[in-house]
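Just below is one structure, and these are the notes that go with it.
Residue numbers (our numbering): 956 to 1599.
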């Protein structure tokens, strides 16, 4: 069922064209990602879909009975109510109906009414209808749904009678998301819903959206989140839109393959055009070949010429170097303890970490556990109340602050960097800024006028210039678009120094981390691997705990303990086989996609008159195509068997 259609949608801000001829379709159960660079018009598109912004031309079709809700970026819940009362307000219609049912039950118990059988039967019939609607609408479980959402969004430790006005901005944003999820519209439109969510809450939200009954349209820079959720990607680039099937990783592969194929077709046509033009120039004046030359000229005039495929706009280009090599031991934290004031609670305690040269360590843990505080303690901005911090020999620290508080709002972009390195000439400073996408008049902008993404790039430019051998990074991917994140990842992967970073971006952690340190108030635990390894180990611990609990039940006299243990082992083996099956399905789909690309290339070649007339070449290509088709059939059979 189609819930919404956008046809030829166009939007301008003054004379500037933002979006042109946008086509988009939302069907029931769709999980759609809108991707593109910062400033491409993604949020503008969502606002037009939600009816919060007008469009200049084109049409938006949505049936009247289709419900829709929209969550803008960093939208906080503004309410005088308590947490629970505000969430319960979503189900006000059910509470009213529940009150009506209670009144009807009281009336049905009235002996006088029972004597009037016609009136009594009508009341019974009306009661049955309303009770059935109440049940189907979730009247008996809406309180459980509210609790599940509040717990999932990390409000399990809160007193739910707390007034919303007393909450932080991030907590209000999470509550706005929670209230939206409880309304359960047919179309859920979310603009950066992962802001202010820790990794545990992100995982919960992924599970919730995967099971959501309606359609979901998302703008997000969290690539791991997009890979887990979406099945369709619309790319917004060069004012237009292009549709891709699959998740974000599938989109990247298909986009690259499409570009290469389009470029190949363009170059081939350009070569053909050049050859025909040369033939015309050489032969148009010769009497014997003039007719053939005129024929070629007409072919050229009628030819549907391909445009050169557009690449993305310019990307940032930078790398991190070190001025000098550090010693082997870079950082040792022993039994570190921190509290803000003598009377305040201890934020963390018994914290011990050891970093060696070339380590890349991700620091993870729930919001509020003190990850940023720990980083500021290491660089000396805050003082620990216990334990020791030891930096190794020749260690030079470079710190990236997620709030960009080290930037000077009154300076221009140029002088923000130049004042730090006054011995460099202006040309070199401008070249460096150009590598971070500040060019021309952009370098004369005041820092206060920069967007979040621009401030992030300027902070990274200053960090690169430092040439430190130990980078401490606090949420370095915040405010960066997807392209800039990939550039930063490449720079950090090639970095020869040591990295300690805090991030909620699981895709980024997977790319960068060689270790994951999980931080809790009373301890830290180290996992020697990337984020996926960390998740796997945590899952194994949960399974082991379940086994131990089952064994404990058996020791208390449960004769079924051997069967429970066998069942657990079998369940573990089944999960292992399931992961193996899913990996093979993914491999087959990728193989089929690669082969289909080759088939498309061959079919394009067979349409070429020169190759078509070359019987040997044509036969060779046809046989290759047949072989590829057989390979696809074999792979499809295996794919079907695995799904069955």
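Built from N, CA and C at the ideal position, the CB exists for glycine as well.
If I follow the unbroken alpha helix (DSSP H) through residue 1037, where does it start and stop? Premise fails: residue 1037 is in no alpha helix (DSSP H) and is neither H nor E.
Please go through the stretch 1434-1479 and give each complete beta strand (DSSP E) segment of 3 or more residues, from N-terminal end onward. 1453-1457, 1470-1475
Fully enclosed by the stretch 1219-1300, which alpha helix (DSSP H) runs are 4 residues long or longer? 1245-1257
Helix, strand or coil: which one does DSSP assign to residue 1585? helix
Inter-residue CB distance, residue 1471 and residue 1482 (contact presumed, cutoff 8 Å): 4 Å
Whole angstroms is fine: what's the gap from residue 1325's alpha carbon to residue 1303's? 7 Å
Check whether the Cβ atoms of residue 1479 and residue 1306 lie closer than 8 Å to each other. yes
Can the beta-carbon of residue 1172 be found closer than 8 Å to that of residue 1164? no
Close Cβ partners of residue 1245 (< 8 Å) along its chain, the five nearest in sequence each way excluded: 1238, 1239
Whole-angstrom Cβ separation of residue 965 and residue 1011, contact assumed at under 8 Å? 5 Å
If you follow the alpha helix (DSSP H) that residue 990 is in, where does it begin and where does it stop? No alpha helix (DSSP H) contains residue 990, which is instead part of the beta strand (DSSP E) from 986-990.
Taking the alpha carbon of residue 1555 as the reference point, which residue from 1205, 1212, 1019 has its own alpha carbon closest? 1212
With burial defined as no fewer than 16 other Cβ atoms inside 10 Å of the residue's Cβ, what is the status of residue 1232: buried or exposed? exposed
Other residues of its chain near residue 1557: CB distance less than 7 Å, five sequence neighbours each side excluded: 1576, 1579, 1580
Give the secondary structure of residue 1045 by DSSP, where H, G and I count as helix, E and B as strand, and everything else as coil. helix
Tell me which same chain residues have a C-beta within less than 8 Å of the C-beta of residue 1214, skipping the five on either side of it? 1264, 1266
Could you tell me the boundaries of the alpha helix (DSSP H) in which residue 1004 lies? 997-1004
Would residue 1474 count as contacting chain C if we go by Cβ distances under 8 Å? Judged by its chain identifiers, the structure shown contains no chain C, having just a single protein chain.
Buried/exposed call for residue 1270, threshold 16 Cβ in 10 Å: exposed
What are the partner residues of residue 1174, as DSSP defines its beta bridges? 1146
Residues that DSSP places opposite residue 967 in a beta bridge: 972
Ordered along the chain, which non-local residues of its own chain (more than five positions away) have a Cβ less than 6 Å from that of residue 1109? 1156
Using three-state DSSP, classify residue 1384 as helix, strand or coil. helix
I'd like the list of long-range same chain contacts for residue 1400, defined as Cβ closer than 6 Å, with 5 residues on each side in sequence excluded. 1368
Which of the three DSSP states, helix, strand or coil, is assigned to residue 1554? helix
Just the Cα atoms here: how many angstroms apart are residue 962 and residue 1194? 14 Å
Indicate whether residue 1313 and residue 1432 have their beta-carbon atoms separated by less than 8 Å. no
With three or more C-beta pairs closer than 8 Å as the rule, is the stretch 1417-1431 touching the stretch 1342-1361? yes
Alpha carbons only, please: which of 1473, 1071, 1130, 999 is nearest the one belonging to residue 1037? 1130
Taking buried to mean at least 16 other C-beta atoms within 10 Å of its own C-beta, is residue 1465 buried or exposed? buried
Check whether the stretch 995-1006 touches the stretch 1020-1032, taking contact to mean three or more Cβ pairs, one atom from each stretch, closer than 8 Å. yes
So residue 1109 is in the alpha helix (DSSP H); what residue range does that whole segment cover? Residue 1109 -> no alpha helix (DSSP H), and no H or E assigned at all.
Bridge partner(s) assigned by DSSP for residue 1187: 987, 1200
Spatially closest choice to residue 1104 from 1141, 1161, 971, by CA coordinates: 1161
Compare the Cα-Cα distances from residue 1351 to each of 1419, 1407, 1378 and report the closest residue. 1419
Member of 1572, 1091, 1587, 1574 whose CA lies at the smallest distance from the CA of residue 1553: 1587
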